[in-house]
Every structure is written in C-alpha cells, then in structure tokens.
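**Q** Protein sequence lines, in the order shown, are assigned to chains A and B.
Residues in the first sequence are numbered from 0 upward in steps of one, following numbering that gives the first Met the number 0.
Residues in the second sequence are numbered from 0 upward in steps of one, following numbering that gives the first Met the number 0.
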Amino acid sequence: MVADRAGGRRPRPAHAVAYAACGVVLLAGCASMPDSGDLRGVESTPRQDTQVRVFAMPPREDAQPPEIVQGFLEALTSDDPHYETARKYLTAEAARNWRPEASTTVLANGPGTEVAHAPNRENADDYSLALTGTEVATVDAQQSYAPADGQYSETVHLTRNAKTGQWRIDLLPQGVVMGQSDFQRNYMPVNKYYFASQAEAGGTSQPAAVADPVYVRRRVDLMTQVVRSLINGPTSLLEPVVRSSFPTGTALEKGVDSLTPDDRNKLTVPLNDKAARVGTDKCDEMAAQLLFTLENLTPAVDEVELQAGGAQLCSLAEDRAQAVAARGSAQHPDYLYFIDAKNRLVRLPAGGNGTQPEPVPGALGEGDQALRSVAVSRDERTAAGVGLDGRALYVASLASGGSLGDPVLVSQGKTEQDRLTPPSWDERGDLWVADRDPDDPRLLLLQQGKGEPVEVGTPGLEGRVQAVRVAADGVRVALVVEQDGERSLLIGRIERRTKTDGKPEVTVAELRSAAPELEEVTAMSWAGDSRLVVVGREQGGVQQIRYVQVDGSTPEAPAPAALTGVEEIAASEDDRMPLVAYSEDGIVRLPSGAQWQKVTAGTAPVYPG
Amino acid sequence: MSQDSAASTPGRSGARAGRPVGRKPAGSRWGRFLEGGLLHGGVQGSPVLRLFVRWVRRPLLPVMRLWRRNIQLKVVVTTLLMSLGVVLLLGFVVIGQVRNGLLDAKVKASQSQATGGFSVAKQKADEASSGTGDDGGAVDGRPAQNVIEWMSNLVESLSSGGQGAFDVVTLPAGDDSGGGRGPRASGYVDPSASVPEDLRERVDSSTAAAQSYTRIVYSSGKDSQPALVIGKQVNDPNGDPYQLYYLFPLTQEEKSLSLVKGTLATAGLFVVVLLGAIAWLVVRQVVTPVRMAASIAERLSAGRLQERMKVTGEDDIARLGEAFNKMAQNLQLKINQLEDLSRMQRRFVSDVSHELRTPLTTVRMAADVIHEAREDFDPVTARSAELLADQLDRFESLLADLLEISRFDAGAAALEAEPIDLREVVRRVVSGAEPLAERKGTRIRVLGDQQPVVAEADARRVERVLRNLVVNAVEHGEGKDVVVRLAAAGGAVAVAVRDYGVGLKPGEATRVFSRFWRADPARARTTGGTGLGLSIALEDARLHGGWLQAWGEPGGGSQFRLTLPRTADEPLRGSPIPLEPTDSRRGRGLDEDGSPGDGSRTATVPAQQTAGQAPAIPARDPIAARSAAVPTADPTALPGNGARVVPRPASGTRRQDGSPASGAAGRPEAGPEDAKTQGEATRGR
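1) Can you name the residues that DSSP bridges to GLY556 of chain B?
2) Just to confirm, are LEU128 of chain A and VAL114 of chain A a CB contact at a threshold of 8 Å?
3) Less than 8 Å between CB atoms is the rule here; does VAL53 of chain A satisfy it with respect to chain B?
4) Give me whichever residues DSSP pairs with TYR126 of chain A in a beta bridge.
5) For the segment 147 to 160 of chain B, list every residue whose C-beta sits within 7 Å of some C-beta in chain A, in sequence order.
6) Return the CA-CA distance between TYR499 of chain B and GLU477 of chain B, expressed in angstroms with no decimal places.
7) How would you label VAL533 of chain A, buried or exposed, when you count the other beta carbons within 10 angstroms and need 16 or more for buried?
8) If you measure between the beta carbons of GLN538 of chain A and GLU518 of chain A, is that distance less than 8 Å?
9) Distance, Cα to Cα, VAL707 of chain B vs ARG466 of chain B?
10) What are the residues in the segment 112 to 130 of chain A lying within 7 Å of chain B by C-beta distance?
11) Under 8 Å, Cβ to Cβ, is there at least one residue of chain A near ALA113 of chain B?
12) Checking contacts by CB at 8 Å: is ASN295 of chain A closer than that to chain B?
13) Look up TRP97 of chain A in the DSSP assignment and say whether it is helix, strand or coil.
14) Do you know how far the Cα of GLU426 of chain A is from the Cα of HIS331 of chain A?
15) Given a cut-off of 8 Å, decide if VAL202 of chain B and THR213 of chain B are closer than it, judged by their beta-carbon atoms.
16) For PRO406 of chain A, which residues from the same chain have a beta carbon less than 6 Å from its beta carbon, with the 5 sequence-adjacent residues on both sides left out?
17) Closest to SER423 of chain A by C-alpha separation, out of A:LEU442, A:GLY484, A:ARG39, A:GLN368, would be which residue?
18) By Cβ distance below 8 Å, which residues in the same chain neighbour GLU306 of chain B in space, the five residues on each side in sequence not counted?
19) I'd like the ranges of any beta strand (DSSP E) spanning at least 3 consecutive residues and lying wholly in the segment 470 to 495 of chain A.
20) Report, in whole angstroms, the separation of the C-beta atoms of PHE194 of chain A and SER143 of chain A, which I expect to be a contact under 8 Å.
21) Please confirm if the segment 405 to 414 of chain B is in contact with the segment 444 to 453 of chain B, defined as three or more CB-CB distances below 8 Å between the two stretches.
22) Does DSSP classify PRO146 of chain A as helix, strand or coil?
23) State the DSSP-derived secondary structure class of SER661 of chain B, mapped to helix, strand or coil.
24) Could you tell me the boundaries of the alpha helix (DSSP H) in which TRP149 of chain B lies?
25) Leaving aside the five residues before and after ASN324 of chain B along the sequence, list all residues of the same chain whose C-beta is less than 8 Å from its C-beta, in chain order.
26) Can you tell me where the alpha helix (DSSP H) holding THR599 of chain A begins and where it ends?
27) Quick one: using the 10 Å Cβ neighbour count with 16 as the cut-off for buried, is ALA472 of chain B buried or exposed?
28) Counting only Cβ pairs nearer than 7 Å, list the residues of chain B close to MET187 of chain A.
29) Tell me, to the nearest whole angstrom, how far the beta carbon of GLY551 of chain A is from that of PRO233 of chain A; I am working on the premise that it is less than 8 Å.
30) Please name the residue in A:PRO515, A:GLU153, A:GLU238 whose C-alpha comes closest to that of LEU170 of chain A.
31) Given a cut-off of 8 Å on the beta-carbon distance, is the pair LEU229 of chain A and LEU289 of chain A in contact?
32) Quick check: is the beta carbon of ARG167 of chain A nearer than 8 Å to any beta carbon in chain B?
33) Could you check whether VAL496 of chain B and GLN449 of chain B sit closer than 8 Å to each other, using their CB atoms as the reference points?
34) Could you name the residues of chain A that ARG303 of chain B contacts, counting a contact when the two beta carbons are closer than 9 Å?
35) For ARG217 of chain A, which residues in the same chain have their Cβ closer than 7 Å to its Cβ, ignoring the five residues on either side in sequence?
36) When Cβ atoms are compared, which residues of the segment 182 to 193 of chain B fall closer than 9 Å to chain C?
So this is what it looks like as structure tokens:
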C-alpha cells in the first residue's frame, strides 16, 4: 500500500513545486513597491485652511472700561454671525440700536484707545474712550469696498449699570472697526454678477455680465450671504448701468437660513413669490448670475436650481451658463498683437509659446504706415493704430487687401507726448482714444471706429488722460490720469444716452481711484472681470507690477513676478493667457507658473480690446 | 429514603454510600455544575427561571455531549484558545511597543517645534513692544492698542509654518478674558474643548512649558482626533501673559498604529487558524485509528469476532492496529476453542445421559424383577435389592434432570404458554407435598388465593418450579409452617414460598441456584434431590421471562419468590410481593443482638450488588423504580446460556444449619407482622 501511494504520487511533487514557485512569485510582487500599474485619477484635496479664528468671550465680571472696550473690539474680529457676543459689551439700548452691518472701517493697525474722559467725583459712572487709527478703507452697507485715508477718531462712551455695577458701552459708532490684517482674515472679496443694461444695443444677443465686487464675511455662511447680497441688487456705483434679472422685491424665501449645495454640487435657491412669474429666459439669467457669482466659492456649485413659491422655476448647469451671458473672462483672444521693429502690426497666437510673429493681414500689417500703438477690436476684425508720431489714428480691417485710407482722427498736440494715447475698443466696436493736447485734453469715442469723434464727458475729472482701456463688459473704463505730475489710475463707469438730436452722449461717471497708493502709473490693462494689472510706483518706491481690484482693494492673488523697465503691459480677461509686457528686453511674457520669457523684439503688445 | 424502599434498607450506611460516587463519571467541575444544576434541572427557583434554564440547556446538550465524546474537538478548541491567548498577548505587547516608539519620536519632534514657536512668539512680542515703545511709551493706553490684531497675526504666522502638521491656539491666562486675549485658534480647532483643563492650570501656574495628550475638537465638523498639546505661558507686547499652545495631531501615528494593528490582527488570525488546522490534522491522524479501533472493539465485544482493523503504513498507529488485530485473532481463536469445548461437553453430557438411559432401562427392568422377588431372598440380599431400586430411582431422576438442564443449555426448551390460574397449580403442588409435610410435621398455609391469579404460563413448568420450592421449604422448614403467598399486580403475578427454618447464610442467596450446590456438602445425598432442582426452576422462570429470587437470613428462615409476567412477552417491571418478607427480623425492628443482625444484613448484599447495575435513584414509588430496573435485567437472563446462569440469581435461601440461626428461628412465628409495609424496591432480580 505504501508502495502504491508513493508510485501514484510520483508526478505530484513537480506540480507542487511549480505551484509553490508561482505563489512565491506572486507574494514577492506584493512585497515590493509597485513600479507600474493602472491609471487612476487624483482627487484634489481641499487646501488646509490655517486661518486663525478668534473666539469672542463675553465680558468678565467687574471688568474695567478699557477692558470692556478691548473685549468689544476683539469680539468684532470674531466669526460671530450676528455679533451676539459683542453685543454683550453694550447696554441693552445700545445693543438694540447698534447696526454692525452698516459699515466696516478698516484701520491700518487696528483701533487704538485713548482715555477721553475718566470718571470723576461728580460723575463716577461716566467714561469715554477715543478709538483712533489711520483709515485704510471702508466697506459700506452694500458691502462695497472703497479705499479711504485720513485719521479715524470715534468716541466710545461707557456707563456703569446702576443695578449690576458693570461697565457697558452705551454710545458707539455704527458699524464695526478692525485692523487691516483682521479685515483680510475675516472678509473676502466676491464678484457679484449683473448684466450691462445697455449691452443689447451693441447687437450681441447675449447680455454682458458685469462684475460687482463686494466684501463679505468669510466664515459666516458665505454662500447664503453672497446669494442674499446678489439678490439685493448691485452696489450704488454700478446701479445706473447694470440691471439684475431678479425682479424687484425678490428675496430668499422666508425661513431659509442656510444654502448649501447637495452632494452633486447642485444648489437649490428658494425665492419668494415675487420671482414666481418670470419667464424661462429671465430665470436662466438669474441662474447664470448665481452661477457666475458662486463660481469661485467653496463648496463648488455646478448647477443652480431656482424655486419660487415651492415650484421649480428653472435649473441651469455651469456649461449652459456661458450661453446665457457673455463674460470677458470667458472669451479667449486668438492672437497677441504688437508692433515689430519695422513698426508694423504683427501677431502671435495667444497662449502659445511661439516666437515668430507674422504680420497681420490688411493694411496695418504691411508697414506702409509706421505705428506707435495699436488696438484690435474684440472680434479681431478691425484694428486701430496710432502713427509713429502720435498724431494720427488709423482704422483698418484685418482682412487682407484694402488700403489704409485717411486717418480718422488727428491730434493737434505739439510733441509726441501731447498727442494721441493708445486707443481701446469696447465690446460694441466703438473706439476710445484720448487726445493729450494740453490745450484741449479730450477723451474721444469713435462709434464703430469711424465717423465724427464724440467727446466723452468726464465730470469731475481733472488732469489729462494718459491712457484709456475699456473693460470687456463695456461698463467700466480705466483711465490713467496725469495731474500735478502724478499719474493715477481711475475707474469710471460709462453711461450712454442718446441726445435729443439723435447724437449719442457718453459720459464717464463716478471716477474713483483704484490704486491710491500708486503715484506713478506707467501702464495698465484689464486682467479679469474686476481686476487690472498695473505697472506703477508707490511714493518713494520702485516700479512694480501688481493687480488691483476695481474697487481699490488688493486682490488675494499674488502679484506677478517682478520685471524692471516695463513700458507697456497687456493682459487678457481670461487669466489663462500669459501676461505680456514691453520692457527693456523687448516683448516678454509670463506664462502662468513660470518666469518671464523673452519673446521677440517689438513694442506695444496688446490683446484684443 | 430508607423508608421508601426495601432496597435501601440493607444499605444502612456504608454499602450505599459508595454507589452514587462510583456511578457518576468523575467529570470536571463545570460538567458537574451543568449536570447537577443546569442539565438536570436542579435549579431551585421560580418556574420562569427553570424554564429559562431548560431553554438554555436544550441547545447546549448536544454540544456538551460532543465535547465529552470528541477528543478532536477538545484538542482543537484548546489549541485555538491557547493560540488566541498567545496571539492576543503578543499583539498587546507589540502594539504597545510600536505605540511607545511612535509617540517618543513624535513627542521629541513636537517639543523642539513648539519650543521654537514659543521663542518666536517671545521674540515677536519683544519686537512689537520695542517698536511701540518708541512711538509713545509714555502713554499708558497706547501699547495696548494693537494686541488684538497682533495676537491674530502671531497665531497666523505661527500656524502657517506647519499646515496640517500642527495647529496653534492661544488662550487668556487664567480666567482673564479681556484685553484682547480671547481665545484664538488656527485650523478650525475648538480651543476650549481641545485644550485640557488641567494643562491650562499647569501652564497658568508655571512658566515652563507643559505637555499633555488631548483630543482635538474641530468646529468645522471634521472628526476629532488625538493630539499632543504643548503649552507655555508667554507675554504679549504689553507684558501681559497669555497661553500659547501647539497642538500636534497624532493622525499619522494613529494611522501607522492602525496599520500595525491591522497587520497583527490579520497575522494573528492566520496563525490561530493555522494552529487550529494543524491541531485538527494532527489529532485527526491520531484519532482516526483510535476511533476505528474503538468501533472495532465495540463490534468485537458484540460478538462479531471476525472484525479487523485496516492497517496502512508502518508507523506507531499501524503497530497498534497490528497488535490489536493479533489480539482479536487470538481472542477469537480462544473463544472458538472454548465454545467448541463447551459445546462438546454439553453434547457429551447429553449423549451420556441418553446413552445411559438404554442400559439403565435394562438395569431397571432387571432390578424391578429382583425387587419383585426380594421376599424370596435372604434379608441381606433383600436389603440390597431395595437399595438398588432406590438408587436406581435417584439415578433416573438425576438423569432426567441432567437431560432437562442440557435441553436448557442447548436452547431446546420450548415454552407452551397458556392462561392458567396459579391457584390451581399451587393447590396441586400443596396437595402433592402434603404427605411429606405430614411426615415432617409441617403445615402448609396458602395466602392470597381468594382472587384468581391468572397468568400466561406453561403449567407444567410452573408446577415443577413451585413443587421444587414447596418441597424444599418443607424439607428445610424444621417442622415450622410454610406459607405460600400469591399476589398479582401491575402486569405481574408472584408466588412466594416462605419458611422459618435455618435460613441462608450470607452469600448463599445467590449460590442456591448453582448446579449441584448444597448448603452442607457433608450432608448425605440420600435425603436431598439431585442438586439441579433450583437450577432447573431458575431456567424455567427465565424461560417465562420471569424471576426466581431468594432471600434468607441465618436462623430467620428464607423466602423464595417466583414472579411471572401476566402475558408471556411482557417484560417485568416489578413484583407484587416484596422479596424480603415483612416478618423478617430486620423488618420487625432492631431488637436483636449483634450477630444475627449482622448476618441478616449481609445476606442481602448480593442482591444489592446486582441491583447496582440498574439506575440507582431510589424512586418514591416502587412501581416506577421497577420500571427502571427490570427490563435491562431480564433479557440477559433469558438466553439460557449455561455459562451465564450462574451469576444471575438474587438472594436465595437454603436452610442454614448454624445453631444461632435455629435459636433465632423461633421468632418469626411469634413475631407480629409489622405495620410497616415496605414496597419492593429496585432489586429486580
């Protein structure tokens, strides 16, 4: 039997050895780190927020007045949604009357306290403190940021409660006050989007989306705050030239406290009955407004559903929102244009990394007329060029063939510096240019780039316009204005009206400084819906390139890499396009995530617009 | 208990005490608990509890049985448990060491990080205070202005150094909440919940850094996680103290630890399973042959002597199997030889008896002729002729008995059962014995014949048995009364024959049924029978499925009891008449001196031993006890194998010649029947 078994199993050991070998090989595969394998997508992990949070503490028993004020000021920097803790430092009446949302005052170094009135014998329950500091900016009740300067000085009065013997603040300024870094920690800029009210006249079916930057509290239910703010309407600065698709009186339905997108990134916004009877197009516009506004917030929103009176109005996904409204940042220029060494207009594919420019088709590319600066219309069919001496402005088609023709505008300035500025096209195809003639400084508009120039009214503007750039939304214009030897950046809104005689009347209203700290602005260009890139010099500083928001605040995005000797700069609203500058090294560009690269020789680089 | 049954009475003390202990399997304490408490429902308590116990016990019973019977299960379970214990112990040790190692490294790194952070905070405060001091050191309120923002900036700059690696929290020193020293925290840490209270107190009370373990609670809804927190009291630019804490989440360490844990758990599981499987395999290799041997042995013991183990290989198990087989073979050989021998002997006896009959008939005829003509002989020759005739009679009856016994041994005895009234049989037997009784001066009394006592039985055999008993009683009754008692109850009928003669010595109650046994070997064979009478009677009783039992005490007489089932096939459960008569000396009380009492007790000991094979629980009513006792006892008696006849009977009595017995023998007559009626107990045979 033993012999039998041994005989029967003789081939088995070979098999067993083979199996064991296979197993060992498999196990050995498991025992080492893989050097090949299947492909897999990587989910982006949200960046860890190291933001500091301040936890407000209620006032201590028997705290002295300075301590009360300090505690109150500290509570203002906390994330308390309705400042409940801060209100505990106030008397009951003051707490009732105090409206923290009225304004936010930003001081350079935070408020300092000085004793203004200490209690004396006769009036032992009376104490006042002065809050002082250097004002940097204010945010008004509409959450619109405005740079400010000057000294801040407000008085806070405290009184001792007769019953409890506790000091409380009974008189205080409305709004909240905090230091600059606390402001940056607690507030964040958000672009609300509205539609340009005059855009339809331009012939495009899509309304142009206009960014309306506001500052909202970062950690207090951001999304709901932003949606509420959007529905409430544009800030007063933009109000005359934009419209909101939300019908007047629309608000979030009562009882809605918090809006959060669901797990498919869909946000449902319940509105009250006022919005119940809007049409589908209008509703899509409303949804597009919401989508654009919430675009850069976390958690991400990919789709918006609007409800009114409990019924669904419409639902709009992000990809469809682009069809509802045009946004400057969503339009991609095809080419980067500049003037080469032969003073002719050439172009490079935008966004590429080519260095061999080709002359544009058409008259301006032939080099018959030496050019100093150019502008290409946003549809990239027409170009305008200022002659080398700055005297004449030519407009030519970018289609091949065709001649240059006569200049559409001639300046009477005596020197090159006193003649025409580089021109700028707006989104309707109108051409903006400024004449720097000291005798007759004018801001001019040529409708469709031809005809009689219309002088643009600039109420309140003093000084000469040294540069003009119209934003892609056609609602804002950025001007570099020279006055008293300082060149500052001003942003104004464009208001168009038709006069009784049929002629258009265009004015630039509400000109406000967007970069008050820069005193020598060399060049600027729009670099986003509400952002510009500016080359300038601070007082006593050196030339630098930085981004500024149209409301004058400094955006969170880091400034582009430094570059010296920048004469001109060009940026696209689409932030994927590289920044292009004309500097000592000729045309240079800054692809995202890289250093400045030299492209070629040339001057006056521009993107369409 | 001793009041309840006759069986218990003999076991006054010692004899009984040994039994329950010996009978019980010496189980473990657990087993005893289960058997005593759980398994036998011994819980004294509410019915609910008892129900619950029963409910729990039911599924446990098969498991317990399996556990008791299956050595493989025992070994595997034990191995599993032990290896599990070892793995757990190992796991704890390893995890503890890994944890300590991870923590040590983390604590060292964290401490240096935190110390650096504290010095940075101090430096910043110094810078700020010197800066503001230049501005307006004279004004008291002036330096206080920027602490709110300064503190937030400090926390931000400190925490920006280690994104995710640590978080920074500041807390006011003591309970002081004012002055711009409210809690600040980076990374959504909930400061008051995350910093333990005792650490705060410690940091408050000393300027040195202190550390503790805590659990970080996040306000952003993130899961809380364990952390190391290091805190120190630092001064702000105004010189006011505040508490600065560094919180180092131990997320990575926990992940590493859980990796180790998972690995260990997996490995441990595999090891346990592996050990269990190994134990199972090994035990199986050993247990399988053992089981086979056990089953073969069972079959061998059941008489299937040709069974053999299968032997494979040459290992120890194979040697065991071979030895076993050899043993079985030898056993079979011997048994066969013995059987052959026994068969031959029986055959020889039977043949001899038969062969002797033919010459005996001739001799008998010749002897009859001589006997007829004895008057013509001289007195000496006439006496010889008479002697010849007498001895021939004995010879003939001996031969008949031998034939009868050999018929029983050969299994050739057939029962011709029909319903008969035992009273008639008794009457016939008594009238047949009357002449002998008269001669002995004995009166035979019949009790219990008012009712018919009907049973399915072979009248001839029953009559033979009873005649044997009655004649024996008269012969050994020493002229005293012989009482024949009839009774019927519970599917059984019984006839007891009581005499008040010399009784039986201890141990004789069983021996009376042995073949050719005599109470006094010296006694002449002339008076007695062949010495086979009781053996034949016993075989007759057994043929009926009945019992024949004897009881006796020295000097107190004896009683023989025949118990028959009312219908032929029915097994017996008990007898209507107690084996020990109520007028026995012990039954009448303990008024005797030592020696007879001692004798009376030991006389019944054999019966007690046999009864021991039956379940020993003394039941409260005799019938139930019998039901438990008998059926197992009888079938072994039935086969009628000559070899087995001997050990079977119960206490029987032959007269005892001892003088103390005769002295005591007078008492039973005078002794009043004791009121105490004792039921027949489990002594089934």
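The C-beta atom is built at its ideal place from N, Cα and C for all residues, glycine as well.
**A** Looking at the coordinates:
1) Within the second sequence, the letter at position 557 stands for residue 556 of chain B. DSSP, once it has assigned bridges, lists B:GLU552 as partnering GLY556 of chain B.
2) What you label residue 128 of chain A is simply residue 129 of the first sequence in a count that begins at 1. What you label residue 114 of chain A is simply residue 115 of the first sequence in a count that begins at 1. For LEU128 of chain A and VAL114 of chain A, yes; Cβs fall inside 8 Å.
3) Position 54 of the first sequence, counted from the start, is the residue given in the question as residue 53 of chain A. Yes, contact with chain B.
4) The count along the first sequence starts at 1 and reaches residue 126 of chain A at position 127. According to DSSP, TYR126 of chain A bridges with A:LEU157.
5) Along the segment 147 to 160 of chain B, the positions whose C-beta sits under 7 Å from a C-beta of chain A are ILE147, GLU148, SER151, ASN152, VAL154, GLU155, SER158, SER159, read in chain order.
6) What you label residue 499 of chain B is simply residue 500 of the second sequence in a count that begins at 1. What you label residue 477 of chain B is simply residue 478 of the second sequence in a count that begins at 1. Rounded to whole angstroms, TYR499 of chain B to GLU477 of chain B spans 8 Å at the Cα level.
7) Here residue 533 of chain A refers to the residue found at position 534 of the first sequence. Buried: at least 16 other Cβ atoms inside 10 Å.
8) On the first sequence, residue 538 of chain A is found 539 positions in, with the first residue counted as 1. On the first sequence, residue 518 of chain A is found 519 positions in, with the first residue counted as 1. Contact: yes.
9) Outside the displayed span of chain B (0 to 684) sits residue 707 of chain B, for which this structure offers no information.
10) THR112, GLU113, VAL114
11) The residue you call residue 113 of chain B lines up with position 114 of the second sequence. Not closer than 8 Å to any Cβ of chain A, the Cβ of ALA113 of chain B fails to qualify, so no.
12) Along the first sequence, one-based indexing puts residue 295 of chain A at 296. For ASN295 of chain A, the closest Cβ of chain B is not nearer than 8 Å.
13) Locating residue 97 of chain A in the first sequence gives position 98, where the first residue counts as 1. Of the three classes helix, strand and coil, the one that applies to TRP97 of chain A here is coil, per DSSP.
14) Residue 331 of chain A sits at position 332 when you count from the first residue of the first sequence. Residue 426 of chain A sits at position 427 when you count from the first residue of the first sequence. Near 14 Å, if we compare the C-alpha coordinates of GLU426 of chain A and HIS331 of chain A.
15) Residue mapping note: residue 213 of chain B aligns to position 214 of the second sequence, counting from 1. Residue mapping note: residue 202 of chain B aligns to position 203 of the second sequence, counting from 1. No, the Cβ-Cβ distance between THR213 of chain B and VAL202 of chain B is not below 8 Å.
16) Walking along the first sequence from the start, residue 406 of chain A turns up at place 407. Cβ neighbours of PRO406 of chain A beyond the five flanking positions: ALA391, LEU392, TYR393.
17) The residue given as residue 423 of chain A occupies position 424 in the first sequence. Minimum Cα distance to SER423 of chain A is reached at A:LEU442.
18) As a first step, residue 306 of chain B is located in the second sequence; it is residue number 307 there, counting from the start. For GLU306 of chain B, where only same-chain residues beyond five positions count, the Cβ hits under 8 Å are ILE295, ARG298, LEU299, ALA327.
19) 475 to 482
20) Numbered from its first residue, the first sequence carries residue 194 of chain A at position 195. Numbered from its first residue, the first sequence carries residue 143 of chain A at position 144. The pair is not a contact, with the Cβ atoms about 18 Å apart (cut-off 8 Å).
21) Segments in contact, no.
22) Taking the first residue of the first sequence as position 1, residue 146 of chain A is located at position 147. Here PRO146 of chain A sits in strand by DSSP.
23) Position 662 of the second sequence, counting from 1, holds the residue named residue 661 of chain B. Any reading at SER661 of chain B is ruled out, since the residue's pLDDT is 38, under 50, leaving its predicted position unreliable.
24) Here the question's residue 149 of chain B lines up with position 150 in the second sequence. That run of the alpha helix (DSSP H) goes 146 to 159.
25) Numbered from 1 along the second sequence, position 325 holds the residue referred to as residue 324 of chain B. Excluding positions up to five away in sequence, the list reads ARG307, MET308, VAL310.
26) Position 600 of the first sequence holds residue 599 of chain A. From DSSP, THR599 of chain A is part of no alpha helix (DSSP H) but of the beta strand (DSSP E) over 596 to 599.
27) Taking the first residue of the second sequence as 1, we reach residue 472 of chain B at position 473. Counting Cβ neighbours within 10 Å, ALA472 of chain B comes out buried, since at least 16 surround it.
28) Here residue 187 of chain A is taken as the residue at index 188 of the first sequence, counted from 1. Ordered by position in chain B, no residue passes the 7 Å Cβ test against MET187 of chain A, which lies about 15 Å from the chain.
29) Your numbering for residue 551 of chain A matches position 552 in the first sequence. Your numbering for residue 233 of chain A matches position 234 in the first sequence. That belief does not hold up - the Cβ atoms of GLY551 of chain A and PRO233 of chain A are roughly 17 Å apart, past 8 Å.
30) Here residue 170 of chain A corresponds to residue number 171 of the first sequence, with the count starting at 1. Nearest option by C-alpha distance: A:GLU153.
31) Taking the first residue of the first sequence as position 1, residue 229 of chain A is located at position 230. Taking the first residue of the first sequence as position 1, residue 289 of chain A is located at position 290. For LEU229 of chain A and LEU289 of chain A, yes; Cβs fall inside 8 Å.
32) Your numbering for residue 167 of chain A matches position 168 in the first sequence. It does not; no Cβ of chain B falls within 8 Å.
33) The residue you call residue 449 of chain B lines up with position 450 of the second sequence. The residue you call residue 496 of chain B lines up with position 497 of the second sequence. No, the pair does not count as a contact, with Cβ atoms beyond the cut-off.
34) What you label residue 303 of chain B is simply residue 304 of the second sequence in a count that begins at 1. Those do not exist, as ARG303 of chain B stays about 24 Å from chain A at its closest Cβ, beyond 9 Å.
35) Indexing the first sequence from 1 puts residue 217 of chain A at position 218. These residues qualify, in order along the chain: ASN185, TYR186, MET187.
36) No chain C is part of this structure, whose protein chains are labelled A and B.
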